[in-house]
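Numbering (the working numbering), first residue to last: 8 to 598.
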Amino acid sequence: MSKKPEQGKEKGRQNPMDPSAMASLKHWGDPLDLPGESMREEVALDCGWGRLIFGQTFRDPKKLAQLLRLEREGRRDIALYVREPHVVLSYAPQDLFMDPSLTYRLDFSNYEERGDFPEGMRIRPMTGEDDQRRINRLYMARHMVPAYDGFYSKLPDKPELTVLVAEEVASGDIIGVVTGVDHREAINDPDNGCSLWALVSDPQAQIPAVGEWLSRALIELMRDRGRAFMDLSVMHDNHAAIHLYDKLNFEQVPVYCLKHKNSINEKLFIGEDPEEELNIYARLITKEARRRGIGVEVLDAEGGFFRLSLGGRWVTCRESLSEMTSAVAMSRCDDKAVTRRLLQKEGLRVPEQVVVNDEADIENFLSRHQEVVVKPARGEQGRGIQVGLSRVDEVSRAVESARTFCDKVLLEQCVSGDDLRIIVIDYKVVAAAVRRPPKIIGDGEQTIGELIDRLSRRRAAATDGESTIPLDAETERCVSRTGYRLDDILPRGEWLQVRTTANLHTGGTIHDVTGELHPVLSSAAVRAAKAIEIPVVGLDFMVPDVSGPDYAIIEANERPGLANHEPQPTVECFVDLLFPHTRSQNKRSDM
Numbered sequence: 008m009s010k011k012p013e014q015g016k017e018k019g020r021q022n023p024m025d026p027s028a029m030a031s032l033k034h035w036g037d038p039l040d041l042p043g044e045s046m047r048e049e050v051a052l053d054c055g056w057g058r059l060i061f062g063q064t065f066r067d068p069k070k071l072a073q074l075l076r077l078e079r080e081g082r083r084d085i086a087l088y089v090r091e092p093h094v095v096l097s098y099a100p101q102d103l104f105m106d107p108s109l110t111y112r113l114d115f116s117n118y119e120e121r122g123d124f125p126e127g128m129r130i131r132p133m134t135g136e137d138d139q140r141r142i143n144r145l146y147m148a149r150h151m152v153p154a155y156d157g158f159y160s161k162l163p164d165k166p167e168l169t170v171l172v173a174e175e176v177a178s179g180d181i182i183g184v185v186t187g188v189d190h191r192e193a194i195n196d197p198d199n200g201c202s203l204w205a206l207v208s209d210p211q212a213q214i215p216a217v218g219e220w221l222s223r224a225l226i227e228l229m230r231d232r233g234r235a236f237m238d239l240s241v242m243h244d245n246h247a248a249i250h251l252y253d254k255l256n257f258e259q260v261p262v263y264c265l266k267h268k269n270s271i272n273e274k275l276f277i278g279e280d281p282e283e284e285l286n287i288y289a290r291l292i293t294k295e296a297r298r299r300g301i302g303v304e305v306l307d308a309e310g311g312f313f314r315l316s317l318g319g320r321w322v323t324c325r326e327s328l329s330e331m332t333s334a335v336a337m338s339r340c341d342d343k344a345v346t347r348r349l350l351q352k353e354g355l356r357v358p359e360q361v362v363v364n365d366e367a368d369i370e371n372f373l374s375r376h377q378e379v380v381v382k383p384a385r386g387e388q389g390r391g392i393q394v395g396l397s398r399v400d401e402v403s404r405a406v407e408s409a410r411t412f413c414d415k416v417l418l419e420q421c422v423s424g425d426d427l428r429i430i431v432i433d434y435k436v437v438a439a440a441v442r443r444p445p446k447i448i449g450d451g452e453q454t455i456g457e458l459i460d461r462l463s464r465r466r467a468a469a470t471d472g473e474s475t476i477p478l479d480a481e482t483e484r485c486v487s488r489t490g491y492r493l494d495d496i497l498p499r500g501e502w503l504q505v506r507t508t509a510n511l512h513t514g515g516t517i518h519d520v521t522g523e524l525h526p527v528l529s530s531a532a533v534r535a536a537k538a539i540e541i542p543v544v545g546l547d548f549m550v551p552d553v554s555g556p557d558y559a560i561i562e563a564n565e566r567p568g569l570a571n572h573e574p575q576p577t578v579e580c581f582v583d584l585l586f587p588h589t590r591s592q593n594k595r596s597d598m
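Below you can see the structure in the form of structure tokens.
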């Protein structure tokens with residue numbers, strides 16, 4: 008990170024928090040009279056996801072309202088620093104609304120640097136088309152508006168914009184991005200400010216504090232350019248973000264934001280969703296249904312049950328499980344041994360598997376396979392599964408543990424490779440993602456148990472509480488295999504995998520690979536769905552390479568979490584299946 012410039016806090020410098028001295032803060036009456044300053048007029052800056060409209064550059068509120076009404080479809084325009092926003096709203100009350108966000112400002116003279124930059128991550132300016140593709144995928148995964156095609160190629164000609172990315176060193180994955188706007192370059196700002204926009208971190212990132220370090224990198228870059236302060240806008244109920252900005256010494260300022268009403272920000276001006284109590288897997292489906300004019304009735308929010316209705320036809324669902332999945336198909340998925348037999352009969356590749364009856368079964372199976380998997384024949388969300396066992400005693404203990412979930416316990420050949428989930432809807436592949444077990448990175452200060460707890464809290468926050476890492480016997484076993492204990496301090500920069508399975512509900516992360524999937528894997532997934540006779544299914548593969556033809560199918564899930572596969576259109580395809588007449592004519596073609 009850069010060092011603080013020597014200029015420091017110059018003598019006579021204006022207070023950036025003073026509304027009577029700052030053009031950006033004076034939100035009433037006439038504009039400030041600033042002799043010698045020629046601020047540009049009526050500025051709307053193209054930021055890729057939409058326009059940032061500088062309200063302080065408009066003298067006529069009607070013109071500002073008219074400009075906001077010209078928002079392009081699929082974009083998200085934001086008018087900030089608006090004087091007398093209620094007057095602007097009066098010119099287009101049906102089209103505009105006041106955004107329930109708060110504006111925060113950091114006076115750079117109050118900024119305190121932090122030196123312990125995390126191992127395993129670097130921050131750099133974005134470069135090239137490959138960066139644009141990965142950045143947009145990250146925005147879409149967070150339900151944010153991506154930049155339009157070709158926007159980032161214009162950045163060399165836009166000195167007012169800076170885009171920084173955070174990259175995981177080991178994998179090269181982009182795990183965060185932030186955009187900075189230099190107000191001096193954009194509007195010849197007399198206040199000498201800048202702002203932070205579109206900060207996002209990968210919900211699957213296992214390096215901590217990505218958002219904080221991106222913010223710090225941008226703050227220090229803008230400070231070293233000679234800017235006086237940085238602004239940002241944050242939703243009033245985004246408590247995690249507000250906590251971060253408080254930590255960085257940002258203070259709230261009286262700046263208001265206006266937006267155009269559109270489908271992207273609909274929830275901000277129509278109130279709470281009637282399905283708010285549903286979990287994220289059900290809620291995404293009901294939101295898409297309501298968008299198409301399909302009625303939604305919540306039957307049991309805690310269980311994820313709801314009913315969709317349109318034109319006298321209704322379908323009851325439990326998340327992605329609907330009445331279109333027969334009881335027979337569901338029972339085939341429910342028993343992993345039955346699933347395997349059906350797939351093997353179809354000629355698909357599956358690992359060897361046996362039902363455990365006694366210790367002789369364990370000894371016999373271990374004599375043929377160096378490592379095995381123990382799993383209950385029935386169950387979901389990774390409960391009772393232990394992977395990579397090689398001794399009779401640990402297999403026996405795992406079998407007893409699995410029996411607490413199901414009397415019938417299976418031994419399965421342990422297949423190496425990536426854990427791949429393929430979603431098949433209406434017998435077409437709509438998404439594929441590699442799932443990875445949770446891992447922590449040491450900081451040389453916290454214990455392994457503390458690092459796991461910290462990662463677990465981040466995973467819970469990123470998944471609406473659906474993903475956490477249990478500090479149970481399986482986690483302890485996984486850690487102890489590496490020679491550590493939970494109360495040991497992990498050396499700084501060292502990575503440690505803390506679960507053997509990649510199940511999302513026990514802290515695993517998911518990474519979209521739909522565009523890389525080999526045709527043999529796609530074909531195998533469709534054949535498996537047809538063998539089970541199930542219209543919606545998540546199939547778990549083990550593969551050495553998603554772009555290659557080798558695989559083994561581990562199991563099938565009759566109620567896959569569609570929320571885990573953004574930005575692929577899994578939810579849209581599911582609603583298409585239930586109500587085909589509501590399908591968009593402009594939807595992308597099937598894979």
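Heads up, the beta-carbon is just placed ideally off N, CA and C, and yes, glycines get one too.
Do the region 228–237 and the region 59–75 make contact, defined as three or more Cβ pairs closer than 8 Å? no
With 16 as the cutoff for other CB atoms within 10 Å, does Asn199 come out buried or exposed? Translated into the one-based positions of the sequence shown, residue 199 becomes position 192. Per the 10 Å Cβ criterion, buried.
Other residues of its chain near Ser596: CB distance less than 6 Å, five sequence neighbours each side excluded: Numbered from 1 along the sequence shown, position 589 holds the residue referred to as residue 596. Legend: pLDDT at Ser596 = 40, less than 50; position of this residue unreliable, value from coordinates given subsequently. Cβ within range, chain order: n/a, list empty.
Alpha carbon to alpha carbon, what distance is there between Ala86 and Asp238? If you number the sequence shown from 1, residue 238 lands on position 231. If you number the sequence shown from 1, residue 86 lands on position 79. C-alpha separation (whole angstroms): 14 Å.
DSSP puts Ser208 in a beta bridge; with which residues? Within the sequence shown, residue 208 is the residue found at index 201, counting from 1. Assignment of beta-bridge partners to Ser208 by DSSP yields Gly183.
Would you kindly work out how many angstroms separate the C-alpha atoms of Pro12 and Pro166, rounded to a whole number? Taking the sequence shown and counting its residues from 1, one reaches residue 12 at position 5. Taking the sequence shown and counting its residues from 1, one reaches residue 166 at position 159. Bear in mind that a pLDDT of 44 at Pro12, under 50, signals an unreliable position, so the model cannot answer this.
For my contact list, Thr475 and Gly515 are in at a C-beta cut-off of 8 Å; report their separation, rounded to the angstrom. On the sequence shown, residue 475 is found 468 positions in, with the first residue counted as 1. On the sequence shown, residue 515 is found 508 positions in, with the first residue counted as 1. That belief does not hold up - the Cβ atoms of Thr475 and Gly515 are roughly 11 Å apart, past 8 Å.
Segments of 4+ residues assigned as alpha helix (DSSP H) that fall wholly inside the region 520–560: 526–539
Verify whether the separation of the beta carbon atoms of Val675 and Tyr159 is less than 8 Å. Given a span of 8 to 598 for the chain in the structure shown, any question on residue 675 remains unanswerable.
Beta-carbon separation of Leu417 and Gln351 under 8 Å? By one-based count along the sequence shown, residue 417 stands at place 410. By one-based count along the sequence shown, residue 351 stands at place 344. No, the Cβ-Cβ distance between Leu417 and Gln351 is not below 8 Å.
Alpha carbon to alpha carbon, how far is Glu407 from Gln377? Start at 1 with the first residue of the sequence shown, and residue 407 comes out as number 400. Start at 1 with the first residue of the sequence shown, and residue 377 comes out as number 370. Computed Cα separation, rounded: 20 Å.
Grab me the residues of Asp209's own chain with a C-beta within less than 8 Å of its C-beta, minus the 5 sequence neighbours each way, in chain order. Here residue 209 refers to the residue found at position 202 when the sequence shown is read from its first residue. Hits under 8 Å: Leu145, Ala148, Asp180, Ile181, Ile182, Gly183, Val217.
Go ahead and pull the three-state DSSP assignment for Arg191. Along the sequence shown, one-based indexing puts residue 191 at 184. Note: Arg191 maps to helix in three-state DSSP.
Please confirm if the region 247–258 is in contact with the region 47–55, defined as three or more CB-CB distances below 8 Å between the two stretches. The region 247–258, when compared against the region 47–55, does not touch it at the 8 Å Cβ threshold.
Enclosing beta strand (DSSP E) for Gln393 [first to last residue]: Taking the sequence shown and counting its residues from 1, one reaches residue 393 at position 386. It spans 393–396 - the beta strand (DSSP E) in which Gln393 sits, taken as one unbroken run.
For Phe412, three-class secondary structure by DSSP: In the sequence shown, residue 412 corresponds to position 405, counting from 1. In the structure shown, Phe412 falls within a coil segment according to DSSP collapsed to helix, strand and coil.
Restricting to Cα atoms, I'd like to know which of Glu126, Pro526, Lys382, Ile194 is closest to Ala344. Here residue 344 refers to the residue found at position 337 when the sequence shown is read from its first residue. Nearest option by C-alpha distance: Lys382.
In DSSP terms, what Phe257 is bridged to: Walking along the sequence shown from the start, residue 257 turns up at place 250. Its beta-bridge partners do not exist; DSSP assigns none.
Examine chain C for any beta-carbon lying closer than 8 Å to the beta-carbon of Met29, and answer yes or no. Annotation note: the requested chain C is absent from the structure, which comprises a single protein chain.
On the three-state DSSP scale, how would you describe Ile517? Within the sequence shown, residue 517 is the residue found at index 510, counting from 1. Residue state, collapsed to three classes: strand.
Who are the near neighbours of Glu330 in its chain, counting only those whose CB is closer than 6 Å to its CB and skipping five residues on each side? On the sequence shown, position 323 is the one that residue 330 refers to. Cβ within range, chain order: Val322, Thr323.
Restricting to runs no shorter than 3 residues, where is the beta strand (DSSP E) found entirely within the region 248–335? 258–260, 265–267, 302–307, 312–317, 320–325
How would you write the range of the alpha helix (DSSP H) that Val578 sits in, first residue to last? On the sequence shown, residue 578 is found 571 positions in, with the first residue counted as 1. 577–585 is the extent of the alpha helix (DSSP H) around Val578.
What residue does the beta strand (DSSP E) around Gln139 start on, and which one ends it? As a first step, residue 139 must be located in the sequence shown, where it is residue number 132. Gln139 -> not in any beta strand (DSSP E); alpha helix (DSSP H) instead, spanning 135–148.
Would you report the Cα separation of Gly449 and Arg499, rounded to the nearest angstrom? Along the sequence shown, read from residue 1 onward, the residue named residue 449 stands at position 442. Along the sequence shown, read from residue 1 onward, the residue named residue 499 stands at position 492. So the two alpha carbons sit approximately 4 Å from each other.
List the whole-angstrom C-beta distance separating Ile447 from Gln213, where the pair is believed to meet the contact cut-off of C-beta under 8 Å. Against the sequence shown, residue 447 aligns to sequence position 440. Against the sequence shown, residue 213 aligns to sequence position 206. At roughly 7 Å, the Cβ-Cβ gap stays under 8 Å, so Ile447 and Gln213 are in contact.
Three-state secondary structure assigned by DSSP to Asp597: Taking the sequence shown and counting its residues from 1, the one referred to as residue 597 is at position 590. Confidence at Asp597 is low in this model, with a pLDDT of 42, below 50, so its placement is unreliable and the value that follows should be read with caution. Of the three classes helix, strand and coil, the one that applies to Asp597 here is coil, per DSSP.
Would you tell me roughly how many angstroms separate the C-alpha atoms of Ala440 and Asp519, rounded to the nearest one? Counted from its first residue, the sequence shown places residue 440 at position 433. Counted from its first residue, the sequence shown places residue 519 at position 512. Cα to Cα, the separation comes out at about 4 Å.
From the DSSP secondary-structure annotation, give me the bridge partner or partners of Lys382. Working through the sequence shown from its first residue, we reach residue 382 at position 375. DSSP, once it has assigned bridges, lists Leu417 as partnering Lys382.
For Met242, count the other beta carbons within 10 Å of its own beta carbon; 16 or more makes it buried, fewer makes it exposed. Which is it? The residue labelled residue 242 in the question sits at position 235 within the sequence shown. It counts as exposed.
Here's the rule I'm using: 16 or more other beta-carbon atoms within 10 Å means buried, otherwise exposed. How should Leu157 be labelled? Walking along the sequence shown from the start, residue 157 turns up at place 150. The sequence as given places Gly at residue 157; Leu does not occur at that position. Gly157 should be labelled exposed.
Rounded to whole angstroms, what is the Cα-Cα separation between Thr332 and Ala384? Working through the sequence shown from its first residue, we reach residue 332 at position 325. Working through the sequence shown from its first residue, we reach residue 384 at position 377. About 20 Å.
Measure how close the beta-carbons of Ile392 and Arg442 come, nearest whole angstrom, since I'm counting them as under 8 Å. Translated into the one-based positions of the sequence shown, residue 392 becomes position 385. Translated into the one-based positions of the sequence shown, residue 442 becomes position 435. Their Cβ separation, rounded to whole angstroms, is 13 Å, which puts Ile392 and Arg442 out of contact at 8 Å.
Opening and closing residue of the beta strand (DSSP E) in which Arg76 lies: For the purposes of this step, residue 76 is identified with residue 69 of the sequence shown, where counting begins at 1. Premise fails: Arg76 is in no beta strand (DSSP E) and is neither H nor E.
Please state the DSSP three-state secondary structure of Tyr111. Residue 111 sits at position 104 when you count from the first residue of the sequence shown. Looking at Tyr111 - three-state DSSP - the assignment turns out to be strand.
Drop a sphere of 10 angstroms on the beta-carbon of Pro38, count the other beta-carbons inside from all chains shown, and report buried for 16 or more, exposed for fewer. Looking up residue 38 in the sequence shown gives position 31. Pro38 should be labelled exposed.
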